Amino acid sequence: MTETRAILRSALPLYVTMAVSSASALVSTALLGRHGTASLAAFAVAAAVFVPVVTAVSGVMRGMMPYVTAAHDDPAALRRVLGSGRVLGLGIGGCGALVVLATPAVARASGVDGAAVDGLGPLPLLLAAAVLAQSVGASASSALVALDRGKLVMWAGLSGTAVTVLLSALLTPRTGVSGAGIAMLASAVVVAVVAQAGLRRRTGRPGRPDRREIVTLARTGLPMAGTVLVKFAVLSVLTFAAARLGAAQAAAHGIGETLVNLIFTAAVALGQATVPRVSAGSYRAARTAAVLALIGTGTLVCVLIVAGRWIVPVFSADPRLRPDVLALLPLVGFAVVTDALQAVYGFALLGLRNTLPSLFCTLIFFGLLAVVAVPTAEHGGLPLLWTALGLANLSQAAAKAFLYNRAAGKARERPGHQRQPGRSVDRTG
């Protein structure tokens, strides 16, 4: 099997999982919107805290991937890594749950309307429990990806999505945000149970956690979480800069962000599929994945631009808004393609257990973007703002590619280095 086919084979089930999950989130949002504007507003407030926390937790747990790959042929070492990863996941998940529990306080401190805060009800408690469940599921999913068992991750994700859609349809019309929270918690529990069961069939029971190994996993994973949080923060600054231009510009910017998120999942899937191959010494896998990401996201962007007149009305019924969004699509495409490239090389650096460079690159280039966002939007509107975002992503991609190639070159020169192209882990068992 060629390396290209191997990466695609691993990435496809991961992409399907993320795409279906994104679609189910849209269903939940639509049901809340039909229940009432107040419910949708309360859910948006909770999601503003929950989504970054869950993404950060997943980022930390991805830090265990290269260590799982390295231990795949040593059952005792593998079980020890899995045990340490589970403890790390529970610890990080517990911290994240506390943050989500504080959603009402965070919302009030941010000046959110009191009615939206009062409408939260039990949602913060339900979502805090969901964070804990997701941390357990993320540790298992990361290990399965590292062991090239993406199909098990897909089945876990599809099971969770089915639960989300079913319970949302049953509960949300009657109970609003409470029903949505129950659906999200149940989904997270199902994903965790299915993923952990699949992992246990492959590896057996997790071993005794090792304190030093937990620290090592955290040192690799925490910069991944930091990168995600910096990105969320700066994108929020861009949203604020767009909102200063007016309601129409804010809406157009929001549609652009939604389209980016839908396309960007392909790059995340390819990046994750690259980690075990880079960890196993197949350093060309990063370049292969970058080319695949360029082709994949580029194709989706072309479809978006060509079919934009039919796609954009799905997101807005305002005929006055559509020309602005259609004119913005090429720049949205530029931003998402460059974002895909930087993400792939970020995952490749994870494969080398060297995640701090990714964090530093994001801090530097997105930090500069945050500084210039408001004056850029005021001077050139949304087109210049999205151009700046694309250039920041492109700068990150170039810097991460350079740092990755330099680190991979040093790894090749180490004594005892042995390439394992096209094959990262034992596929038997």
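Each residue of the sequence shown is one higher than the last, beginning at 107 in our numbering.
All residues carry an ideal CB built from backbone N, CA and C; glycine is no exception.
Every value quoted in this text rests on a predicted model; they were computed, and no experiment measured them.
Closest in alpha carbon position to G515, among P436, W416, R390 and L435, is R390. For the pair A289 and L277, the CB atoms are nearer than the 9 Å cut-off. Put simply, the backbone Cα of V259 is about 36 Å away from that of A494. A check of alpha carbon separations from T364 across E319, L434, A298 and R383 identifies L434 as the nearest.
For R415, the enclosing alpha helix (DSSP H) starts and ends at G414 to F421. In the DSSP annotation of this structure, the continuous segment of the alpha helix (DSSP H) that includes P329 starts and ends at R317 to A349. The continuous alpha helix (DSSP H) containing S245 extends over residues L229 to A252. The beta-carbon separation of S422 and I361, rounded to 6 Å, stays under the 8 Å limit for a contact. For S388, there is no enclosing alpha helix (DSSP H), as DSSP marks it with neither H nor E. The beta carbons of F472 and V340 sit about 4 Å from each other, so the pair counts as a contact at 8 Å. The beta-carbon separation of R185 and T371, rounded to 31 Å, does not stay under the 8 Å limit for a contact. Rounded to the nearest whole angstrom, the C-alpha separation of L232 and G327 is 26 Å.
Ranked by how close their Cα comes to the Cα of V296, the residues L204, S241, A354 and G402 have S241 in first place. According to the DSSP assignment, G169 belongs to no alpha helix (DSSP H), since it is labelled neither H nor E. At the C-beta level, T270 and V478 stay beyond 9 Å of one another. Boundaries of the alpha helix (DSSP H) harbouring R518: L462 to E519, taken from the DSSP string. Of all C-beta pairs linking the region 458-468 to the region 395-414, fewer than three are shorter than 8 Å, placing the two stretches out of contact. Here the region 111-118 does not lie against the region 182-199, with fewer than 3 beta-carbon pairs under 8 Å apart. Taking 8 Å as the upper bound for CB-CB distance, I113 and A354 are not in contact here, some 41 Å apart. The Cβ-Cβ distance between V450 and L509 does not fall below 9 Å. Relative to the Cα of T333, the nearest Cα in the group A507, A221, Q448 and G486 belongs to Q448.
Counting C-beta atoms within 10 angstroms of its own C-beta, S342 has fewer than 16 neighbours from the protein chains shown and is therefore classed as exposed. Between R311 and the set M330, P181, L272 and G352, the nearest pair of CA atoms involves P181. Taken atom to atom, the span from the alpha-carbon of K257 to that of L264 is near 10 Å.
A Cβ-Cβ contact shorter than 9 Å links A286 with L229. When DSSP states are grouped into helix, strand and coil, A177 belongs to the coil group. Pairwise C-beta distances place the region 172-181 in contact with the region 454-463, as three or more of them are shorter than 8 Å. Your pair A446 and A373 checks out as a contact, with CB atoms roughly 3 Å apart and the cut at 8 Å. Per DSSP, reduced to three states, the secondary structure at V218 is coil, with no helix or strand assignment.
DSSP, reduced to helix, strand and coil, places L427 outside both helices and strands of the structure shown, so it counts as coil. One thing to note: R214 has its Cβ within 9 Å of the Cβ of V223. Counted as a single uninterrupted DSSP element, the stretch harbouring R255 is not any alpha helix (DSSP H), since DSSP gives it neither H nor E. Beta-carbon to beta-carbon, L305 and A246 are separated by about 5 Å, close enough to satisfy the 8 Å threshold.
Under the 10 Å beta carbon count, P329 is surrounded by 16 or more other beta carbons and is classified as buried.
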